[in-house]
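Visitor: Residue 109 is where the first sequence starts when you use the working numbering, and the numbers rise one by one after that.
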Amino acid sequence: MTDIDTMPLTSERDRVPRYEPTVIEPLWQQRWADAQLYKTDLSDTSRRKFYLLTMYPYPSGDLHIGHWYIKTPTDAIARYRRMNGDNVFFPIGFDAFGLPAENAAIKSGIHPAQWTMRNIERMRGQLRTMGATFDWASEVVTCLPEYYRWNQWIFLQLLKSGLAYRKMAAVDWCPKDQVVLAREQVEGVDRVCWRCGTQVIKRDLEQWFFRITKYADELLDFTGIEWPEPIRVMQTNWIGRSEGAEVVFTTAESPHHAGGEQLKVFTTRPDTLFGATFMVLAPEHPLVVTLTSPEQRAEVQAYLTQTRRHTEIERLNTDRDKTGVPIGADAINPVNGERIPIWIADYVLSGYGTGAIMAVPAHDERDFAFAERFGLPITRVIAAPGDPDDAPLPQAYVSKATTDRLVNSGPYTGLPMPDGFARIVADLATRDAGSPSVTYRIRDWLVSRQRAWGTPIPVVYCEGGCGIVPIPEDQLPVLLPEDFQYRSEGGNPLEHTESFLRTTCPTCGGPGRRETDTMDTFVDSSWYWWRYLSPKATEHAVDGQLDAAWCPVDQYTGGAEHAVMHLLYSRFFCKALADLGVVTEREPFQRLFNQGQILGSDGERMSKSRGNVQDPDELVSRYGADSVRLFLMFMGPWDQGGPWSPSGIEGVHRFLRRAWTVSLDPHGQETSERTAAAADADGERALLVAAHRALQGVTEDHAGFRWNTMVAKLMELTNTLMRYRGTPVAGTAAWDEASRLLLLMLAPIAPHIAEELWSRRLESSGVMARSIHTESWPAFDPALVVSDTIELPVQVNGKLRDLVPMAPGLEQAEVERRVLARPKVQANLEGHTVVKIVHVGGRLVNIVIR
RNA sequence: GCGGGAGUGGUGAAACGGUAGACACGCUGGCCUUAGGAGCCAGUCAGGGUGACCUGGUGGGGGUUCGAAUCCCCCUUCCCGCACCA
Numbered sequence: 109m110t111d112i113d114t115m116p117l118t119s120e121r122d123r124v125p126r127y128e129p130t131v132i133e134p135l136w137q138q139r140w141a142d143a144q145l146y147k148t149d150l151s152d153t154s155r156r157k158f159y160l161l162t163m164y165p166y167p168s169g170d171l172h173i174g175h176w177y178i179k180t181p182t183d184a185i186a187r188y189r190r191m192n193g194d195n196v197f198f199p200i201g202f203d204a205f206g207l208p209a210e211n212a213a214i215k216s217g218i219h220p221a222q223w224t225m226r227n228i229e230r231m232r233g234q235l236r237t238m239g240a241t242f243d244w245a246s247e248v249v250t251c252l253p254e255y256y257r258w259n260q261w262i263f264l265q266l267l268k269s270g271l272a273y274r275k276m277a278a279v280d281w282c283p284k285d286q287v288v289l290a291r292e293q294v295e296g297v298d299r300v301c302w303r304c305g306t307q308v309i310k311r312d313l314e315q316w317f318f319r320i321t322k323y324a325d326e327l328l329d330f331t332g333i334e335w336p337e338p339i340r341v342m343q344t345n346w347i348g349r350s351e352g353a354e355v356v357f358t359t360a361e362s363p364h365h366a367g368g369e370q371l372k373v374f375t376t377r378p379d380t381l382f383g384a385t386f387m388v389l390a391p392e393h394p395l396v397v398t399l400t401s402p403e404q405r406a407e408v409q410a411y412l413t414q415t416r417r418h419t420e421i422e423r424l425n426t427d428r429d430k431t432g433v434p435i436g437a438d439a440i441n442p443v444n445g446e447r448i449p450i451w452i453a454d455y456v457l458s459g460y461g462t463g464a465i466m467a468v469p470a471h472d473e474r475d476f477a478f479a480e481r482f483g484l485p486i487t488r489v490i491a492a493p494g495d496p497d498d499a500p501l502p503q504a505y506v507s508k509a510t511t512d513r514l515v516n517s518g519p520y521t522g523l524p525m526p527d528g529f530a531r532i533v534a535d536l537a538t539r540d541a542g543s544p545s546v547t548y549r550i551r552d553w554l555v556s557r558q559r560a561w562g563t564p565i566p567v568v569y570c571e572g573g574c575g576i577v578p579i580p581e582d583q584l585p586v587l588l589p590e591d592f593q594y595r596s597e598g599g600n601p602l603e604h605t606e607s608f609l610r611t612t613c614p615t616c617g618g619p620g621r622r623e624t625d626t627m628d629t630f631v632d633s634s635w636y637w638w639r640y641l642s643p644k645a646t647e648h649a650v651d652g653q654l655d656a657a658w659c660p661v662d663q664y665t666g667g668a669e670h671a672v673m674h675l676l677y678s679r680f681f682c683k684a685l686a687d688l689g690v691v692t693e694r695e696p697f698q699r700l701f702n703q704g705q706i707l708g709s710d711g712e713r714m715s716k717s718r719g720n721v722q723d724p725d726e727l728v729s730r731y732g733a734d735s736v737r738l739f740l741m742f743m744g745p746w747d748q749g750g751p752w753s754p755s756g757i758e759g760v761h762r763f764l765r766r767a768w769t770v771s772l773d774p775h776g777q778e779t780s781e782r783t784a785a786a787a788d789a790d791g792e793r794a795l796l797v798a799a800h801r802a803l804q805g806v807t808e809d810h811a812g813f814r815w816n817t818m819v820a821k822l823m824e825l826t827n828t829l830m831r832y833r834g835t836p837v838a839g840t841a842a843w844d845e846a847s848r849l850l851l852l853m854l855a856p857i858a859p860h861i862a863e864e865l866w867s868r869r870l871e872s873s874g875v876m877a878r879s880i881h882t883e884s885w886p887a888f889d890p891a892l893v894v895s896d897t898i899e900l901p902v903q904v905n906g907k908l909r910d911l912v913p914m915a916p917g918l919e920q921a922e923v924e925r926r927v928l929a930r931p932k933v934q935a936n937l938e939g940h941t942v943v944k945i946v947h948v949g950g951r952l953v954n955i956v957i958r
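Rendered as structure tokens:
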């Protein structure tokens, strides 16, 4: 056994404590929580407010590396803004209603509420391991009545103002999840459910809708908010505004039909009206039955049956040959009185425009394909400059060039395209046969779900004849029953839960039946950030004063996958609630950032079934939260994401250990080997310059969320400190300043190690303990970011030829004199004439020679 | 098909129109250590040269510029969104 007195005293490991993140991190997390360091005083108006929001998680039960990827850099924003003096509000909550809880319930028999709350408990613990500064006092959990009663209240306000309504609709139904989907929740050409990937089918059901279309134009306007271009483009395309005209055709008289009925079509090309050679109705068009001639009835009926049998996928497959049948009736073109045949075809969609089109095969690819297939006439009515009027068309000519002119268009022939467009619309309008018109692709938001685990829609169907009766506000919430049972045959268990179902009509007091549909969970997430401000308030959904003080959200972070769902619904809610007087702003999120996605190491989306999921807990227990945070920041630009590769985490972990070493052990042991660096007379200044340059760069990187280059700069500074470690520079004020700045810069991104080293630093200098996270962000010294010598790059004809050491700020003539005196420059000029010399702000010289 | 984004070492990536490859990973060599999946130092785009250096090089081809990874045009590949929307 070794005698304790004989053990070497100077071993580095014994003198300096090791960096053990798993020991210090929980400790600091606990202290921060105890000190309520991150509880925001919402009434404090003495500082600038900063509402920082990150998309709240679904409580699936496991925190994913993707949660870390979005949330820990967002936490760095929060910490940085606090160091800059802002009053930061950074709340967190749980998007707690939804299908996975029900699927778990069906599978294992556990009630969705129990499953969800248990997961939330677990995820709260996991979220705390990030060391993030969430204000847990403001937490919202959407499956609790204290939250969802306000979903119901909002629903009633929308109902009252006509923004919520009920109608029969052909809806997308997921047979696996047994649920109706909003249009946005059906994905791809295959028409699959966004959650489970099952192909959806069409069903006719009475459904509740929110009238988002009322705000279509306002939703197209992004002025004043800073959102990423791709999201704005996606929302714009999704809303799909088309300007054109509605043109009224009339049905022609025929042996089986008196004619004279109006057939409206929407077109973006009224200028091509003379080229309309037939008309096509969607198979579902209401006039199909009355217009069909006896001779065509059998054929039309067969086509309708076939269409109904076709899945959406087959109908929407653009490669498929066009199909259709004539219905044996004609329409009259209002512009020239011509009779054109009416067809039905499934390429015309009943849900868009008027469900009927005028077909102009010469100038529309789809109509062209249809006309070719069925031998219908093709008449050119638009010609490019230089094209003869009757130049044959091997394919549709769809250009909308303003230099085109109208041909074969009666009185409009020869007019430039834009003039023809305007005059045809104007002339139709005077005869009540058409008018300018705008159509949108966006449909109203279908919010009914035939599921039990959601917010009950607060209406009653009176059995005494009062109809659909809203629940009075003072009777909210309509509580979700706790005793519903899932049945083997599927369906909504609420329909079989008598205690819930049977009720009295609020109007007449007679027997009534509750609505068993619940709301889409996207209703919950369309307003949750307002609820964070007063999560327990019982008298209102949103605290008006706090809304005025704190909203809109200054910075929102989250994934781009919600581009046309959550992010669009939230904007809609904001505008609707503003019109209802609930809030004052019309846009919810001032600035939006979409982080990239972390993929599995195989480059595929992380999923349990692929077995490529990276568990953050395991990494945290091995390297600590700070290393995981830093690694995620260091792997590349934040908006890029990328495949997971664990190899690099060693690098950032090594960096933190080095920061630990330079901070606690500036002198090291092997001083004798540092003679080269020690001889550097200007070491102190070089160190200060390195520190202040890093500070300047890091400050800039914060503004653009450029975490990767920020970490790189801190690595460089640490490397510089390491070079001077053990030299005479190590004990100086310059060293002290550089290592102080290093810790302050580390604080937002690696909060635990920064706090630990900061506390040791204060302790060793006898200063009262104070959290680094209450310190101010330092300012760099402009005099220290310029060094006293530069190596001026010299190019000859744009190629680098020499680096000339000199003092910065010399006059151009002097710079030229020194540059031209260089042998290497001389050698390159040999035998050539100098044309000119370009000076780039003292940063570079380019000598142009011939 | 339409719209958006992106192609830079073996890898992740840097680079206000101005020294291409910062910072890391990996690899190679050295030091230290009883040992180390610990730490420290050096090297690492390709080709040539003992070397200071020279030549080529940012998916391909053109252009603008004293100067282009960066701006413009054409082509090409990959990723994302929409997809018969009249």
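Heads up, the beta-carbon is just placed ideally off N, CA and C, and yes, glycines get one too.
If you draw a straight line from the C-alpha of ILE132 to the C-alpha of ILE861, how long is it?
Guide: As a position in the first sequence, residue 132 is number 24, starting the count at 1. As a position in the first sequence, residue 861 is number 753, starting the count at 1. Near 8 Å, if we compare the C-alpha coordinates of ILE861 and ILE132.
Visitor: Going along the chain, which residues of its own chain have a beta-carbon closer than 7 Å to the beta-carbon of LEU796, five neighbours each way excluded?
Guide: Looking up residue 796 in the first sequence gives position 688. ALA842, GLU845, ALA846 and LEU892, listed in sequence order.
Visitor: Please report how far the alpha carbon of CYS574 lies from the alpha carbon of GLU254, in whole angstroms.
Guide: Counting from one through the first sequence, the residue named residue 574 turns up at place 466. Counting from one through the first sequence, the residue named residue 254 turns up at place 146. Approximately 29 Å, taken between the alpha carbons.
Visitor: Just checking my contact of VAL388 with GLN370 at CB under 8 Å: how many whole Å lie between their CB atoms?
Guide: Here residue 388 is taken as the residue at index 280 of the first sequence, counted from 1. Here residue 370 is taken as the residue at index 262 of the first sequence, counted from 1. About 16 Å; that fails the 8 Å criterion.
Visitor: In angstroms, rounded to a whole number, what distance separates the CA positions of HIS59 and SER401?
Guide: Because the chain spans 109 through 958 in this model, residue 59 falls outside it and cannot be assessed.
Visitor: Which of the three DSSP states is assigned to MET276 in this structure?
Guide: If you number the first sequence from 1, residue 276 lands on position 168. Three-state DSSP puts MET276 in a strand.
Visitor: Apart from the five residues on each side of it in sequence, which residues of its chain come closer than 8 Å, Cβ to Cβ, to ILE634?
Guide: Along the first sequence, one-based indexing puts residue 634 at 526. Here the sequence assigns Ser to residue 634, which means Ile is not the residue at that position. For SER634, where only same-chain residues beyond five positions count, the Cβ hits under 8 Å are HIS674, TYR677, SER678, PHE680 and PHE681.
Visitor: Among GLN315, GLU606, CYS282 and GLY239, which one has its Cα closest to the Cα of MET276?
Guide: Along the first sequence, one-based indexing puts residue 276 at 168. Among GLN315, GLU606, CYS282 and GLY239, the Cα nearest to that of MET276 is on GLN315.
Visitor: Of all the options ASN954, ASN600, TRP768 and LEU851, which has the alpha carbon lying nearest to the alpha carbon of PRO283?
Guide: Taking the first residue of the first sequence as position 1, residue 283 is located at position 175. Per the Cα distances, ASN600.
Visitor: Assign ASP122 to one of two classes, buried (16 or more other C-beta atoms within 10 Å of its C-beta) or exposed (fewer than that).
Guide: The residue labelled residue 122 in the question sits at position 14 within the first sequence. Only weak support exists for where ASP122 lies, its pLDDT of 42 falling under 50; the coordinates are left without a value.
Visitor: Which of the three DSSP states is assigned to MET387 in this structure?
Guide: Here residue 387 is taken as the residue at index 279 of the first sequence, counted from 1. Three-state DSSP puts MET387 in a strand.
Visitor: Alpha carbon to alpha carbon, how far is LEU829 from ASP111? Give it in angstroms, no decimals.
Guide: Taking the first sequence and counting its residues from 1, the one referred to as residue 111 is at position 3. Taking the first sequence and counting its residues from 1, the one referred to as residue 829 is at position 721. Only weak support is given to the placement of ASP111: the predicted model assigns it a pLDDT of 32, under 50, and the question is left unresolved by the model.
Visitor: I need the straight-line Cα distance from PHE763 to THR826, nearest angstrom please.
Guide: Numbered from its first residue, the first sequence carries residue 763 at position 655. Numbered from its first residue, the first sequence carries residue 826 at position 718. PHE763 and THR826: Cα-Cα distance of roughly 8 Å.
Visitor: Quick check on HIS940: buried or exposed, where buried means 16 or more other Cβ atoms within 10 Å of its Cβ?
Guide: Position 832 of the first sequence, counted from the first residue, corresponds to residue 940. With fewer than 16 other Cβ atoms within 10 Å, it is exposed.
Visitor: Could you check whether the stretch 690-704 touches the stretch 657-676, counting it as contact only if at least three pairs of C-beta atoms, one from each stretch, sit closer than 8 Å?
Guide: Yes, they touch.
Visitor: Considering only the alpha carbon of each residue, which of PRO751, GLY744 and SER729 lies closest to GLY708?
Guide: On the first sequence, residue 708 is found 600 positions in, with the first residue counted as 1. Selected option, being the one with the closest Cα: PRO751.
Visitor: Express the C-alpha separation of ALA530 and PRO1045 in angstroms, rounding to a whole number.
Guide: Past the edges of the chain, shown from 109 to 958, lies residue 1045, and the structure says nothing about it.
Visitor: Report the rounded CA-to-CA distance for VAL287 versus ILE309, giving the unit in angstroms.
Guide: As a first step, residue 287 must be located in the first sequence, where it is residue number 179. As a first step, residue 309 must be located in the first sequence, where it is residue number 201. The straight-line gap from Cα to Cα measures roughly 11 Å.
Visitor: So, at 8 Å on beta carbons, what are the nonlocal neighbours of ASN806 in its own chain, with the 5 sequence-adjacent residues on each side left out?
Guide: Within the first sequence, the letter at position 698 stands for residue 806. The residue asked about is misnamed: residue 806 is Val in this sequence, not Asn. Correct list, in chain order: MET818, LYS821, LEU822 and MET853.
Visitor: Is the number of C-beta pairs between the stretch 622-637 and the stretch 202-217 that are closer than 8 Å three or more?
Guide: The stretch 622-637 vs the stretch 202-217: in contact.
Visitor: What did DSSP end up calling CYS301 once you bin it into helix, strand or coil?
Guide: Within the first sequence, numbered from 1, the residue matching residue 301 stands at position 193. It is a strand residue.
Visitor: Answer yes if the stretch 223-233 comes into contact with the stretch 610-620, meaning at least three C-beta pairs across the two stretches below 8 Å, and no otherwise.
Guide: With the cut-off at 8 Å, the stretch 610-620 and the stretch 223-233 do not touch.
Visitor: Could you tell me the alpha carbon to alpha carbon distance between ALA467 and ASP512, rounded to whole angstroms?
Guide: Here residue 467 refers to the residue found at position 359 of the first sequence. Here residue 512 refers to the residue found at position 404 of the first sequence. Cα to Cα, ALA467 sits roughly 20 Å from ASP512.
Visitor: So, for LEU135: in the same chain, excluding its five sequence neighbours on each side, which residues have a beta-carbon less than 8 Å away from its beta-carbon?
Guide: Translated into the one-based positions of the first sequence, residue 135 becomes position 27. Excluding positions up to five away in sequence, the list is empty.
Visitor: Going by DSSP in three states, LYS147 sits in which element: helix, strand or coil?
Guide: One-based indexing of the first sequence puts residue 147 at position 39. Looking at LYS147 - three-state DSSP - the assignment turns out to be coil, as it is neither helix nor strand.
Visitor: Pull up the distance between the alpha-carbon of ARG299 and that of GLN293, whole angstroms please.
Guide: For this step, residue 299 is matched to residue 191 along the first sequence. For this step, residue 293 is matched to residue 185 along the first sequence. Answer to the nearest angstrom: the Cα atoms are 9 Å apart.
Visitor: How far does the alpha helix (DSSP H) with PHE608 in it extend, from its first residue to its last?
Guide: For the purposes of this step, residue 608 is taken as the residue at position 500 of the first sequence. From DSSP, the alpha helix (DSSP H) with PHE608 extends over 606-609.
Visitor: Suppose only complete runs of 3+ residues qualify. What are the beta strand (DSSP E) ranges in the stretch 134-196, listed by chain order?
Guide: Entirely contained in the stretch 134-196, the beta strand (DSSP E) runs reaching 3 residues are, in chain order, 157-162.
Visitor: Taking the beta carbon of ASN441 as the centre, do at least 16 other beta carbons fall within 10 Å, making it buried, or is it exposed?
Guide: Residue numbering aside, residue 441 sits at position 333 when the first sequence is read from its first letter. It counts as buried.
Visitor: Between GLU693 and TRP261, is the Cβ-Cβ spacing less than 8 Å?
Guide: Residue numbering aside, residue 693 sits at position 585 when the first sequence is read from its first letter. Residue numbering aside, residue 261 sits at position 153 when the first sequence is read from its first letter. No.
Visitor: Look at the alpha carbon of LYS322 and the alpha carbon of TRP553, and state the distance between them as a whole number of angstroms.
Guide: Looking up residue 322 in the first sequence gives position 214. Looking up residue 553 in the first sequence gives position 445. Roughly 11 Å separates the two Cα atoms.
Visitor: So, is GLU781 buried or exposed, given that buried needs 16 or more other C-beta atoms within 10 angstroms?
Guide: As a position in the first sequence, residue 781 is number 673, starting the count at 1. Low confidence applies to GLU781: its pLDDT is 46, below 50, so where it sits in the model is not reliable enough to give any reading.
Visitor: So, is ARG156 buried or exposed, given that buried needs 16 or more other C-beta atoms within 10 angstroms?
Guide: Stepping through the first sequence from its first residue, residue 156 is reached at position 48. Per the 10 Å Cβ criterion, exposed.
Visitor: Would a C-beta distance cut-off of 8 Å place ARG377 and HIS471 closer than the cut-off?
Guide: Stepping through the first sequence from its first residue, residue 377 is reached at position 269. Stepping through the first sequence from its first residue, residue 471 is reached at position 363. In contact: ARG377 and HIS471 (Cβ atoms closer than 8 Å).
Visitor: Would you mind reading off the limits of the beta strand (DSSP E) that contains ASP632?
Guide: Sequence index remark: in the first sequence, residue 632 carries index 524 (1-based). Careful: ASP632 lies outside any beta strand (DSSP E), inside the alpha helix (DSSP H) at 629-632.
Visitor: Counting C-beta neighbours from all protein chains within 10 Å, is the total for HIS881 16 or more, i.e. buried, or is it exposed?
Guide: By 1-based counting over the first sequence, the position of residue 881 is 773. Counting Cβ neighbours within 10 Å, HIS881 comes out buried, since at least 16 surround it.
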